[in-house]
Amino acid sequence: TVEGGCGARTVLVQAGAAWSAEAGGTSGALWGAALTSLGSAFSDDEGVSAEQLLTGLVQAVEAVERLGGAVPGDKTMIDAAVPFREAITLARSDSEEARAQVVASAAARATEAAAATADISSSKGRARNHGDKSVGTPDPGAISFSRIVTLLGEKLSD
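Counting in our numbering, the sequence shown runs from 737 upward without gaps.
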C-alpha cells in the first residue's frame, strides 16, 4: 500500500512491485521491472524533470531487456521497446517543452516497430509454439508497449 504524501519514486517503485507480484506471466514481471526502474530515476521530494523522465524511460527499457533476455527480432515487447529507447537516447533534451515531443517521436518509432512484428515468426514466450503460424499477427506485448508509450506522449503534450 502506498502511503499518503508519497512522491513519484515511491508510487512507481511500489506499483512495479505490486504489478510484478500480482500480474500473471512473464509480462507481469517485465512491466513490474519497468515501473520499478522508471520510479528509481525520480525523487519523492520534487517534480519530475525532463531529464529524469527520459533517463527513467531508458532505464525502464534496459530493465526489461536484462530481465527478459529477448532481442529485437524475437517477436516480443523488445521489438517495440528498443526503437523507443534508441530514439530517446538520440534525441535527449533538458527542455520541459521538448520532452513531450521526444517521447511522442520515440512512441511513433515503437508503433512502427510493433506493427512490423507481424512479419516475424514467433521464437520466444508463449507464442513460440505457434512459430510461422504467428506471421501476419503483431506481437501483443509490442503492441501494448507502443500503446502505453503513445498515451504517455499524448498526456505529456496536454
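For each residue, glycine too, the CB sits at the ideal point set by N, CA and C.
**Request:** Spatial neighbours of Ala796 within its chain, please: CB distance less than 6 Å, with the 5 preceding and 5 following residues excluded, ordered by chain position.
**Result:** Ala770, Ser773, Leu774
**Own chain residues within Cβ distance below 7 Å of Ala851, not counting five before or after** = Pro874
**Message:** For Ala849 and Ala878, I'd like the C-alpha separation in whole angstroms.
**Reply:** Using only the alpha carbons, I get a separation of about 8 Å.
**Request:** Along the alpha helix (DSSP H) that carries Ser859, what are the first and last residues, could you check?
**Result:** Careful: Ser859 lies outside any alpha helix (DSSP H) and carries neither H nor E.
**Prompt:** DSSP three-state call for Arg802: helix, strand or coil?
**Reply:** DSSP places Arg802 in helix when its eight states are reduced to three.
**Boundaries of the alpha helix (DSSP H) in which Ala777 is found, first to last residue** = Taken as a continuous stretch (DSSP letters only), Ala777 belongs to no alpha helix (DSSP H), as it is neither H nor E.
**Asked** From what residue to what residue does the alpha helix (DSSP H) around Arg745 run?
**Response** 744-758
**Request:** Flag this pair as touching only if the region 852-860 and the region 811-828 have three or more C-beta atom pairs under 8 Å; answer yes or no.
**Result:** With the cut-off at 8 Å, the region 852-860 and the region 811-828 touch.
**Asked** Looking at the structure shown, is Val807 part of a helix, part of a strand, or coil, going by DSSP?
**Response** coil
**Prompt:** Apart from the five residues just before and just after Asp868, which ones in its own chain have a Cβ nearer than 8 Å to its Cβ?
**Reply:** Ser857
**Request:** Compare the C-beta of Leu789 against all C-beta atoms of chain B and say whether one is closer than 8 Å.
**Result:** Among the chains in the structure shown there is no chain B, since it carries only a single protein chain.
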